[in-house]
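In this note's numbering, the protein residues as written are 4 to 144.
See the structure below:
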């Protein structure tokens with residue numbers, strides 16, 4: 004009798020758990036998510052010089068036309084680098100019918116030392132755009 008009660012309880016829980024699944028939100032319109040593919044990147048800058056590296060940006064949906072998004076900096080918690088030590092393209096354009104592209108980030112040795120210091124890039128959110136993954140860029144000599 005005890006086993007029958009346990010079996011009834013298990014079956015009841017299974018029926019309730021399975022019957023609660025719905026996919027009503029599957030076909031709803033979702034905002035476009037744009038973010039960086041690589042969350043961390045390090046750039047080693049030659050003494051007194053500069054170095055450019057590429058960063059990959061990914062978008063969650065396809066479009067039949069080119070789309071341009073704004074790239075911004077986000078403050079970092081520890082070891083920030085001065086804005087004079089880096090430059091990047093303020094906008095990134097995703098070509099039509101593609102989901103990713105690359106753009107350049109340049110580290111410049113204006114006041115960089117041997118300690119790795121950081122800045123963070125993000126895509127600016129808009130009414131129909133959600134900012135996805137961010138990129139933490141480390142620079143040092």
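Virtual Cβ for every residue (Gly too), placed ideally from N, Cα, C. All values derive from a computational prediction rather than experimental measurement.
Grouping DSSP H, G and I as helix and E and B as strand, with all else coil, what is residue i?
i, result
"residue 103", "strand"
"residue 48", "coil"
"residue 145", "Here the chain comprises residues numbered 4 to 144, so residue 145 is not present and cannot be evaluated."
"residue 35", "strand"
"residue 139", "strand"
"residue 113", "coil"
"residue 12", "helix"
"residue 40", "coil"
"residue 86", "helix"
Roughly how many angstroms lie between the CA atoms of residue i and residue j, to the nearest whole one?
i, j, result
"residue 103", "residue 87", "28 angstroms"
"residue 90", "residue 16", "57 angstroms"
"residue 122", "residue 81", "10 angstroms"
"residue 19", "residue 13", "10 angstroms"
"residue 127", "residue 78", "14 angstroms"
"residue 42", "residue 72", "18 angstroms"
"residue 54", "residue 38", "23 angstroms"
"residue 51", "residue 84", "16 angstroms"
"residue 74", "residue 31", "28 angstroms"
"residue 101", "residue 66", "8 angstroms"
Since residue i is in the beta strand (DSSP E), which residue starts that stretch and which ends it?
i, result
"residue 75", "70-77"
"residue 124", "120-126"
"residue 60", "53-62"
"residue 66", "From DSSP, residue 66 is part of no beta strand (DSSP E); its letter is neither H nor E."
Skipping 5 residues on each side, what residues in its chain have a beta carbon closer than 7 angstroms to that of residue i?
i, result
"residue 131", "34, 35"
Ordered along the chain, which non-local residues of its own chain (more than five positions away) have a Cβ less than 8 angstroms from that of residue i?
i, result
"residue 105", "57, 58, 59, 60"
"residue 44", "56, 58, 108, 138, 139, 140, 141"
"residue 115", "48, 84, 88, 142, 143, 144"
For residue i, collect the residues of the same chain with a Cβ closer than 6 angstroms to its Cβ; drop the 5 residues on either side in sequence, then sort them by chain order.
i, result
"residue 97", "62, 70, 104"
"residue 110", "46, 48, 54, 89, 142"
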